[in-house]
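Here the structure is laid out as structure tokens; the discussion comes afterwards.
Number of protein chains: 2
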Amino acid sequence: MHQVDIATLRETHPDHWTRAAAIRVLAMDAVQAANSGHPGMPMGMADVATVLYEKHLKFDAAAPDWPDRDRFILSAGHGSMLIYALLHLTGYEQMTLDQIKNFRQLHSITAGHPENFLVNGVETTTGPLGQGLANSVGFAMAEEILRARFGKKVVDHRTWVIAGDGCLMEGISHEAIGLAGKQKLSKLTVFWDDNDISIDGRVSLSDVTDQKARFEAAGWDVLSCDGHDPADIDAAIEKAKASDKPVLIACKTTIGFGAPNKQDTAKAHGSPLGPDEIAATREVYGWPHAPFEIPADVKSQWEEIGRRGATARAEWQSRFDELSDNRKALFARMQAGEAPKKLASTIRALKKQISEGQPKVATRKASEMVLEVVNPAMPETVGGSADLTGSNNTMTADLGIFDADNRKGRYVHYGIREHGMAAAMNGMALHGGVRPYGGTFLCFTDYARGAMRLSALMGAPVVYVMTHDSIGLGEDGPTHQPVEHLAICRATPNTWVFRPADTVETAEAWELALTSEKTPSVLALSRQGLPTVRTEHKTKNLTAQGAYVLAEAEGKRQAILMATGSEVEIAMKARDLLQAEGIGTRVVSMPCMELFAQQDEKYRRRVLPAGPVRVAVEAAVRQGWDRWLLGERGREQKAGFIGMEGFGASAPAPELYERFGITAEAVAEKAKALL
Amino acid sequence: MHQVDIATLRETHPDHWTRAAAIRVLAMDAVQAANSGHPGMPMGMADVATVLYEKHLKFDAAAPDWPDRDRFILSAGHGSMLIYALLHLTGYEQMTLDQIKNFRQLHSITAGHPENFLVNGVETTTGPLGQGLANSVGFAMAEEILRARFGKKVVDHRTWVIAGDGCLMEGISHEAIGLAGKQKLSKLTVFWDDNDISIDGRVSLSDVTDQKARFEAAGWDVLSCDGHDPADIDAAIEKAKASDKPVLIACKTTIGFGAPNKQDTAKAHGSPLGPDEIAATREVYGWPHAPFEIPADVKSQWEEIGRRGATARAEWQSRFDELSDNRKALFARMQAGEAPKKLASTIRALKKQISEGQPKVATRKASEMVLEVVNPAMPETVGGSADLTGSNNTMTADLGIFDADNRKGRYVHYGIREHGMAAAMNGMALHGGVRPYGGTFLCFTDYARGAMRLSALMGAPVVYVMTHDSIGLGEDGPTHQPVEHLAICRATPNTWVFRPADTVETAEAWELALTSEKTPSVLALSRQGLPTVRTEHKTKNLTAQGAYVLAEAEGKRQAILMATGSEVEIAMKARDLLQAEGIGTRVVSMPCMELFAQQDEKYRRRVLPAGPVRVAVEAAVRQGWDRWLLGERGREQKAGFIGMEGFGASAPAPELYERFGITAEAVAEKAKALL
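Line by line, the protein sequences are chains C and W.
The first sequence runs 1 to 675 under the UniProt record's numbering.
The second sequence runs 1 to 675 under the UniProt record's numbering.
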């Protein structure tokens, strides 16, 4: 592809050039001031971004939260100065010049990589490559679902993405584009910053993939443009808008465009250009202004662009106001991420029914029972599974399948794409208006980790339905048996890890997960059947306290047994054994360590008083348990753990519990040995 | 693609049919007996596997460890009965009929998914989808490297893979095929079991990808065949062998081929067919024999196939015997995974030099200094990075770049493919003859987790060079700052997590990693410069003990400070502060918790005696530390932790350490408050 040169560009498109140059110099200057950052990408993609913001992106800088705005996602998050410059130039109130000057400094909002929780106009946190692209699939899906629900007068926007070679090499990109292609997400457009440079050097050092052919193979339309020629960019975008498929626009660009000695090399990627090169680049640009100085007329052109969407927003508001009060309230509630009032009573009713009926079911089945009553009450839920629907029990009868032919469907066949699913759910949650949950086996959190961490960092209250949560899955063997994954999830900040013991706790966990504002949840659920241990109905959500006394000691309290999930049954049986020998034994069910840790000391002491021996039982590694065994008034000499010390094995589950010594007898013996 | 029907197949290829049917019935019968497993895939791919084993795969059932055997990798590991049947039928001694009958039972080697550490002839552990495919790239790379080194008289074999739709949907497949395409791994052939069925139903429920076009886009040759027609399969394989690129053979198959009511549906995938369907299938197959009964003539045909490679092996042995003694010894040493004798002295010399010179360098740089002396001494190392070569410091001058034009190169530009890199390294380690290490940022263990877990499970002594190991990386911010990743790696069984404090410890960690037989290592290395703390030369590898007394208390020992990596410097400064106030303070450096946990109680007690207050400092979450703070003779009232409680932030590193309170002053204050 021919690339326009700067002299021609300046001559033929002087206004465009100046506006784009403003982005470029802010990027150079901010990276230089921080002595850290990535100037090359913003300099390479400034023309594309300028055309997009100027002519196509539906936004109003005065209203970053306008629900019907287009979403712009910088998947190549290291180029953060591109979006910070755009937000500053178009007049987002928060993005002052001081913020730009304090790029990558403590207490500024201009973090090294764009963070949605710091910056209005940053829709999602990017940096880990490919995530933004994969989020964008969820954004576009949420738009489709909400448009089908509320009509295009109220919901009708696009999702635009800038992705680099790194994004496209990451495996997650494969899962994302496959999902988008299958779902015909025609309002999703990805600009590929095709600059042929990665950190190690030319892309050809590590990759010969024909990206265009690859996207076509995944069901996308593919266009190309000179990523520096505004007319060519504009034409490509116009074509993209007319497609009935998701569109890749391959933008041939030069990294560090215009830096005379560093452009088109890896040197422009991730380091300041240095004062000399910056001065030389200013010459090339015809930009005589001081660092961080944007001429008033350029700024005012940009601010006009920032106001461009105000009319559309006013019109949207009028249309929105015409909705019925009920519809308006529903839209607002869903957008705000507030659960419906009836959720609480729905959960309570189910809990009562379960405590009375006392079914013995796997908690994955229990989860399905909860979803069967929750999904009809919460039209915002969007369920799915990474091709384990029957195993994860994530589907309920009322949902319908989300598909190109049925945008009202609320169940997504994500395919064998755990990472893509998790990232799409992040996108949906951040879009707002929907509340996504999705399932796979707990062991395959390994595949979804990159996105699960970002749920936590971004405060996206996604629900991960992770079934087959221990050696209790049996014959599939150690490749499928999580032993370290509870510890992994618990080690992650801002993540609630629920491991419910029965259907009642499962219902309580779901209630917490579905009312969470900023915290993702992992539901670790059993494959195998479990008895109801909460046989006495309590209206209160006991799981909300993280841990509670499930069964009190009879007689003098000599032992406290702690357990989660499928091992609560074992702890209860161990209690029977100990009580039969006159050893007063309390059982503490601990479905959520994180929430227990948040309780005040008085409550924690009531649950875990000093004195009795403590034995914890969980079919997983010990890491994470020492806090409750040795800390919280515990003592090493009086504490023991029954669980896994290594990987599992392939065999029927009951034999594995015997083989690894996770039995009521072993728990009782351990307790007695510590007395 | 037209598919041959069973009647025609039986008529036109009666012997082939019978041999393939033997696989099919063993799969049906074993899954039925276990009441668990996946019959559909072995039944679908039996014809392909039969042709491959009969005519193409270079192997000798009597010598599963023959170094120049072809490698067969069942990436669709749930179809484990396919390979167990093949191993049994061809006469692998270990794979008795009893093992087949005890499929998925405790103490049998026939686990639900094939496990390399249990079964001869199973080259790698599969089940987590896409991993085998991605391993195969490493197998093929190892073959190329060793062939370049030793010549094709000694190394000249192929890698064959069976992959399903699940493997190809997973993101890791994208990374794997991109790497293989770039590297022109022409001796790699992938059979795609194109049966159009996934667990949730037809593949079209979730995917419309044109897989053939996709592989072509990645630089592969693509062929197709009727996966049930032996002549067509054979012709495709012959063509594949002639290609100068990696080859995908799309094999159109029917899942559960021949099961009259379940074939071509998801019902054939993951459950026993049931006695009635099995009986009906036997009718279709014309197989009147009892469960697990293989007629003697069929077994003997298969055993002949199992002996087919004996001659080639004998010829190979003659050629091998002709090598010089030096070459033979080198080959044998590398194949056995034994480090050269001079490694120990090389490391010792470097340690001495460092203890004397006391440089202040980042441990990532220290790692490079180690590699600069190790790589020339260990020709079996193969280094690389997921496009962070300059940041991970993984390249040394002598390696040369591994490429289609330079198979002697020992450095791999893996591209932005953390997961693909990790899985390829697993394949290389399992192939034998090479010892792979590869780098990325510690935070992006998230992307590589699936393969890192398998390193541990499989006992593949891969070395993960994980730099930028804390908030100490500074400005890139929380998306790039690991806080939970040390805990994640430590939670994983059979994984050594090294976090060295200086160049000496880094050298010791490398020595352990490079001599490990069955345990992968994670080296967590700093971005920021660190002083030499091991200023007194010791020939002994102190890191091998996991933790040791770095600085003894002067006067009465009142406090023990524990730290790893970059925080050892902080602990040493805190010790100065405390000693200045007359508080005798020991500093324990703990570069590897796992190795410390393996020491005897006497040693552990010597390092961590009861009595003094304990403060641990690590710029990461506390999880994992309670064992050493509260356990091992510790007490809750006398223990404290200085580290991270949540995600980091974007700012220069020194400011972040201040901001999050990880300072010598804070450590000293904490210790004093506990006294």
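Here a beta-carbon is modelled for each residue, glycine too, at the ideal position from N, C-alpha and C.
Please read all numbers here as calculations on a predicted model, not as lab measurements.
W:S186 vs W:D229 beta-carbon contact at 8 Å: Contact: no.
Roughly how many angstroms separate the alpha carbons of C:Q598 and C:A513, rounded to a whole number? In this model, C:Q598 and C:A513 are separated by some 16 Å (Cα to Cα).
For W:R614, which residues in chain B fall below 8 Å Cβ to Cβ? Any reference to chain B falls outside this structure, whose protein chains are C and W.
Could you check whether the Cβ of C:I109 sits closer than 7 Å to any heavy atom belonging to the ligand ADP? This structure simply doesn't include the ligand ADP, nor any ligand for that matter.
Segment contact, 8 Å Cβ cut-off, at least three pairs: the stretch 431–441 of chain C with the stretch 443–458 of chain W: Between the stretch 431–441 of chain C and the stretch 443–458 of chain W, the count of Cβ pairs shorter than 8 Å is below three; the stretches do not touch.
Using a beta-carbon distance cut-off of less than 8 Å, what residues from the stretch 475–502 of chain C approach chain W? Only those residues of the stretch 475–502 of chain C whose C-beta falls short of 8 Å from the nearest C-beta of chain W are listed: E475, D476, G477, P478, T479, H480, V483, E484, A487, I488, R490, A491, T492, P493, N494.
Since W:Y603 is in the alpha helix (DSSP H), which residue starts that stretch and which ends it? DSSP places W:Y603 in the uninterrupted alpha helix (DSSP H) bounded by 601–607.
Secondary structure at C:N195, three-state DSSP: helix, strand or coil? Here DSSP, grouped into helix, strand and coil, assigns C:N195 to coil.
Pairwise C-alpha distance: W:R333 and W:F150: Within the model, the alpha-carbon separation for W:F150 versus W:R333 is close to 13 Å.
Taking 6 Å as the limit between beta carbons, can you name the residues of its chain near W:T189, skipping five residues before and five after? These residues qualify, in order along the chain: W160, A240, V247.
Between the alpha carbons of W:E304 and W:T90, how many angstroms are there, rounded? In a straight line, the C-alpha of W:E304 is about 7 Å away from that of W:T90.
Counterpart residues of C:C251 in DSSP-defined beta bridges: DSSP output for C:C251 lists C:D193, C:C225 as bridge partner(s).
Examine chain C for any beta-carbon lying closer than 8 Å to the beta-carbon of W:G121, and answer yes or no. With 8 Å as the cut-off, W:G121 does not count as an interface residue toward chain C.
Report the residue from C:R407, C:R453, C:I354 whose alpha carbon sits nearest the alpha carbon of C:A422. Across the set C:R407, C:R453, C:I354, the C-alpha of C:R453 shows the shortest separation from the C-alpha of C:A422.
Per DSSP, what are the beta-bridge partners of C:T440 in this structure? Per the DSSP secondary-structure output, C:T440 pairs in a beta bridge with C:M466.
Starting from the beta carbon of W:G181, find every residue of chain C whose beta carbon is closer than 9 Å, and list them in chain order. Chain C residues near W:G181: D207, V208, T209.
Per-residue burial, residue 684 of chain W [other beta carbons within 10 Å of its own, 16 or more giving buried]: Lying before the first or after the last residue shown, residue 684 of chain W is absent from chain W, which here runs from 1 to 675.
Quick check: the Cα distance between W:A429 and W:K101, rounded to an integer number of angstroms? Each residue's alpha carbon lies about 31 Å from the other.
Taking buried to mean at least 16 other C-beta atoms within 10 Å of its own C-beta, is C:D165 buried or exposed? Note on C:D165: 16 or more other CB atoms within 10 angstroms of its CB, so buried under the neighbour-count rule.
Identify which residue in W:D405, W:F72, W:M169 has its Cα closest to the Cα of W:V137. Taking each of W:D405, W:F72, W:M169 in turn and checking the Cα distance to W:V137, the smallest one comes out for W:F72.
First and last residue of the alpha helix (DSSP H) that includes W:H13? According to the DSSP assignment, W:H13 belongs to no alpha helix (DSSP H), since it is labelled neither H nor E.
W:L675: buried (16+ other C-beta within 10 angstroms of its C-beta) or exposed? With fewer than 16 other Cβ atoms within 10 Å, it is exposed.
Is the Cβ of C:S173 closer than 8 Å to any Cβ of chain W? At least one CB atom of chain W sits nearer than 8 Å to the CB of C:S173.
Answer yes if the stretch 10–18 of chain W comes into contact with the stretch 122–141 of chain W, meaning at least three C-beta pairs across the two stretches below 8 Å, and no otherwise. Judged by Cβ distances under 8 Å, the stretch 122–141 of chain W makes no contact with the stretch 10–18 of chain W, as fewer than three pairs qualify.
Let me check one thing: in DSSP terms, what residues is W:N392 bridge-paired to? W:N392 pairs with nothing; no bridge assigned.
Taking the runs of the beta strand (DSSP E) that are 3 residues or longer, which of them lie wholly in the stretch 525–585 of chain W? Qualifying beta strand (DSSP E) stretches, in chain order: 548–551, 557–563.
Cβ atoms of C:I162 and C:F191: under 8 Å apart, would you say? Yes; because the gap between Cβ atoms is below 8 Å, this pair is in contact.
List the residues of chain W that C:S36 touches, going by C-beta distances under 9 Å, in chain order. By Cβ distance, chain W contributes G474, E475, D476, P652.
Give me the Cβ distance between C:S650 and C:G477, rounded to the nearest whole Å; I'm assuming they're in contact under 8 Å. Confirmed, Cβ separation roughly 3 Å.
8 Å Cβ cutoff, W:T389 in contact with chain C: Chain C contact via Cβ: present.
Of all the residues that make up the stretch 214–233 of chain C, which are near chain W by a beta-carbon distance shorter than 8 Å? Answer set for the stretch 214–233 of chain C: R214, E216, A217, A218, G219.
Residue 676 of chain W: contacting residues in chain C (beta-carbon distance under 8 Å): What the structure shows of chain W is the stretch from 1 to 675, and residue 676 of chain W is not part of that stretch, so it cannot be assessed.
Please list the terminal residues of the continuous beta strand (DSSP E) segment that includes C:F641. Unbroken beta strand (DSSP E) run through C:F641: 639–642.
Between C:P531 and chain W, is there a C-beta pair that is closer than 8 Å? Taking CB atoms only, C:P531 has no neighbour in chain W less than 8 Å away.
Who are the neighbours of C:H113 on chain W, taking C-beta pairs under 8 Å? Within 8 Å Cβ-Cβ: D476, G477, T479, H480, S650.
Inside the stretch 247–291 of chain C only - beta strand (DSSP E) runs reaching at least 3 residues: Counting whole runs of 3 or more residues, the stretch 247–291 of chain C contains the beta strand (DSSP E) stretches 247–252.
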